[in-house]
Amino acid sequence: MILRKPYAFLIKHFKMIHIILFLLGCFVLYQTNGLYSMIEEYQQLMIYNETVNSVLTYVSTPTILALVAIIIISGVLIYLLYYKKKPVIFYFLVIAQYGFTLTIMLLTKNYFDTASTLGDVAQIRALHDFTLITMVLQYIFLFFLLIRSIGLDLKKFGFNEDREFIAEAGDDEEVELDVEFDYHATLRFIKGKLRELKYFYGEHQKLINVLLIAFIAFGLWQGYTYVFVTNRVYAQNEYFKANSYRFKVNNVYFTDKDYAGNLISTTNKYIIVSLDIENVASKSPITFDYERWSLVTDRNRYVPSTSKSDEFRDLGTTYKNDLLEYQKVYTFLLIYEIKNEDLGSNYTLYYEEVQNANSVYDRKVKINPIDLTNYQETDTKYIGEEMTIPFYDDTQAIFNLTAYQLVDQSGYYYEGCASAKECGVYYRELLASSFAGSNKIMYIPYTSNYSTGLLFSNFITRQGKLVYKVGDTTKTTTIKSAVTRNYRGNFLYLVVPAELENATEIEFQFVVRDKLYHYVLKSEGKESEIDESTT
Numbered sequence: 000m001i002l003r004k005p006y007a008f009l010i011k012h013f014k015m016i017h018i019i020l021f022l023l024g025c026f027v028l029y030q031t032n033g034l035y036s037m038i039e040e041y042q043q044l045m046i047y048n049e050t051v052n053s054v055l056t057y058v059s060t061p062t063i064l065a066l067v068a069i070i071i072i073s074g075v076l077i078y079l080l081y082y083k084k085k086p087v088i089f090y091f092l093v094i095a096q097y098g099f100t101l102t103i104m105l106l107t108k109n110y111f112d113t114a115s116t117l118g119d120v121a122q123i124r125a126l127h128d129f130t131l132i133t134m135v136l137q138y139i140f141l142f143f144l145l146i147r148s149i150g151l152d153l154k155k156f157g158f159n160e161d162r163e164f165i166a167e168a169g170d171d172e173e174v175e176l177d178v179e180f181d182y183h184a185t186l187r188f189i190k191g192k193l194r195e196l197k198y199f200y201g202e203h204q205k206l207i208n209v210l211l212i213a214f215i216a217f218g219l220w221q222g223y224t225y226v227f228v229t230n231r232v233y234a235q236n237e238y239f240k241a242n243s244y245r246f247k248v249n250n251v252y253f254t255d256k257d258y259a260g261n262l263i264s265t266t267n268k269y270i271i272v273s274l275d276i277e278n279v280a281s282k283s284p285i286t287f288d289y290e291r292w293s294l295v296t297d298r299n300r301y302v303p304s305t306s307k308s309d310e311f312r313d314l315g316t317t318y319k320n321d322l323l324e325y326q327k328v329y330t331f332l333l334i335y336e337i338k339n340e341d342l343g344s345n346y347t348l349y350y351e352e353v354q355n356a357n358s359v360y361d362r363k364v365k366i367n368p369i370d371l372t373n374y375q376e377t378d379t380k381y382i383g384e385e386m387t388i389p390f391y392d393d394t395q396a397i398f399n400l401t402a403y404q405l406v407d408q409s410g411y412y413y414e415g416c417a418s419a420k421e422c423g424v425y426y427r428e429l430l431a432s433s434f435a436g437s438n439k440i441m442y443i444p445y446t447s448n449y450s451t452g453l454l455f456s457n458f459i460t461r462q463g464k465l466v467y468k469v470g471d472t473t474k475t476t477t478i479k480s481a482v483t484r485n486y487r488g489n490f491l492y493l494v495v496p497a498e499l500e501n502a503t504e505i506e507f508q509f510v511v512r513d514k515l516y517h518y519v520l521k522s523e524g525k526e527s528e529i530d531e532s533t534t
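Given below as structure tokens:
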């Protein structure tokens, strides 16, 4: 093999060459650490969204060029040093290590670029482990590159014997090399290098100890930051602090229906997040930027919206620029409208924590939404029986409809004022004919935990539907109250179709989000009516 060696250039720029290698190695380590964090996050969340955290950020053209440059420079150093019988094993190891790093990076890029491999747990676990190995090895190699870049072990190369750093004339000549392997010579060489390393450490013990402590401290800090901050994924019902707040994600729901079970949209679904937030930094009331909370799926990233807050009022309230007092816990809803293409995805909440003017860090919370898309048959009661309907806000409706009657007219008493000085109790007559269509007034005495008839009537009309059977036909209609003001007495006055007189079956169906309740007023062989005189 014929070689030509510019050896003089190497001697004069030995430290600078290693400084360049050290800086390139630092850049590769930074990218490797980012890639490892991305793989770790993917293993925990099983979400890869290239718009949020792309593999191309870490396996980029600059990263690949840096790796190739390290390999080429190390190869040139071997080429030049071997001819002068200088130590070259370290550079062979550098080539092997960074070649290994390049291979792992390219395999990882191929994994995330190939949709069919996503979700292959065994493959991503192997890539995760190999990336960790190469990252640890890079710390070791960077330490030795730093040693050589500041010239602590130049004696072992014996450059001062090379005509005081001036290349010999023979360095530009063509030479022929014969490479052979001798086991015993190699063993003696290794033992000699270990002795040299021991002498080298003894000669520069203080400086090496300082560098080692600095590297260990940096590694421990990086490890702590990685495990407990950078790559931590929080769970639901787990507190964490970010900026001026303390957060906790409570229940998370998945639905396509409003509070009364009505379909909101055929093209979208909704993720509803119950979030606890506490102002832990400012003793003065402060506001909160809720749009920093985003929902990430395999394909998209969503910001919360308040446009549908009324449809989810049974689950809580949305944030509307409320002032957050110091050390007081508030609970708000985050509502995300997601596309149907994201059904079945893994869902993760991201909170953008601003760490300084130019740095934003995503805090991550893994969520498992409760599916509220399908109705559950929950309870059935008959007239005269007490029913309890719980709501998601931990309140409940308790009531008993004791009887019912269909009439053409009725009336109710209410408190009112004819003038500023004239107030009293008044009677208002109700006529079925005053409402559009062919109707009857359904008069129902009841008991309930609602404080007024209007509140109970609002619950009935908001959450309920009237289902009845005439002949062989079952019909469903909304419920309309005949009274829209506060009134005296525990009575319901409802406007219903006149054909209910001929119905063989009558019931109220109450839907509370995903729960369906039946309250039967009339069925085959079971009904109850009251005397007209009681109306």
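Note that numbering that gives the first Met the number 0 gives residue 310 to position 311 of the sequence shown, counting from 1, and the numbers run on in steps of one. Just so it is clear, CB atoms sit at the ideal spot from N, CA and C, and this is done for glycine as well. Note that the coordinates shown come from a computational prediction; the quantities given were computed from them, not determined experimentally.
As for any beta strand (DSSP E) of minimum length 3 sitting wholly inside the region 453 to 497, the runs are 463 to 469, 472 to 477, 490 to 496, ordered along the chain. In the three-state DSSP reduction, A125 falls in the helix class (H, G or I).
Along the length of the region 331 to 389, whole beta strand (DSSP E) runs at least 3 residues long occupy 347 to 355, 358 to 365, 375 to 381, 385 to 389, reported in chain order.
Counting every other CB atom within 10 Å of its CB across the protein chains shown gives P303 a total of 16 or more, marking it as buried. Assigned with DSSP and collapsed to three states, P86 falls in coil, not helix or strand. Just measuring C-alpha positions, the residue of N339, F311, T266 sitting nearest G260 is F311.
For I397, there is no enclosing alpha helix (DSSP H); the residue is found in the beta strand (DSSP E) stretching over 395 to 400.
Secondary structure note for I18: its alpha helix (DSSP H) is the uninterrupted segment 13 to 44.
At the C-beta level, I334 and Y269 come within 8 Å of one another. Ranking V406, Y360, P284 by CA distance to the CA of A497 puts V406 first. E202 sits in a helix when the DSSP states are folded into three classes. Excluding its 5 nearest sequence neighbours in each direction, K514 has C-beta neighbours in its own chain below 7 Å: Q375, T377, listed in chain order.
In chain order, Y412, E414 place their CB closer than 6 Å to the CB of V424, counting only its own chain and leaving out the 5 sequence neighbours on each side. Sorting I139, A241, I285, N242 by C-alpha distance to the C-alpha of A213 places I139 at the top. Taking 8 Å as the cut-off, the Cβ atoms of L332 and G315 count as close.
Using a Cβ distance threshold of 8 Å, T372 and K521 do not count as a contacting pair.
With a cut-off of 8 Å on Cβ pairs, the region 85 to 96 is not in contact with the region 49 to 68, counting fewer than three such pairs. G452 has its alpha-carbon roughly 22 Å from the corresponding atom of T476.
The continuous beta strand (DSSP E) containing S409 extends over residues 408 to 416. For E290, the three-state secondary structure derived from DSSP is helix.
Taking each of E237, E324, L193, T50 in turn and checking the Cα distance to V295, the smallest one comes out for T50.
If only uninterrupted beta strand (DSSP E) runs of at least 3 residues are considered, those enclosed by the region 253 to 330 are 267 to 278, 292 to 295. Per DSSP, T503 is not a residue of any beta strand (DSSP E), being assigned neither H nor E.
Of the residues assessed, I215 falls on the exposed side of the cut-off, its CB having fewer than 16 other CB atoms within 10 angstroms. Comparing alpha carbon positions, the residue from L126, F99, L101, D361 closest to F111 is L126. Contact between the region 131 to 138 and the region 92 to 104 is established, with three or more Cβ pairs separated by less than 8 Å. Restricting attention to V54, Q408, S450, the CA atom closest to the CA of N32 is found in V54. If the five residues before and after L219 are omitted, its C-beta is found closer than 6 Å to no C-beta atom of its own chain. Taking the C-beta atoms as reference points, I369 is found no nearer than 8 Å to Y233.
The C-beta distance from L348 to L144 rounds to 41 Å, too long to fall under 8 Å, and the pair is not in contact. Excluding its 5 nearest sequence neighbours in each direction, S281 has C-beta neighbours in its own chain below 8 Å: S243, Y325, listed in chain order. With distances taken between CA atoms, K468 lies nearest to F507 out of V209, M386, F507, L322.
Separation of T266 and N299 (C-alpha to C-alpha, rounded to the nearest whole angstrom) is 15 Å. Excluding the 5 residues flanking it on each side, E385 has same chain C-beta neighbours closer than 6 Å at N399, in chain order. Less than 8 Å divides the Cβ of N345 from the Cβ of D297.
Beta-bridge analysis with DSSP links F239 to F246.
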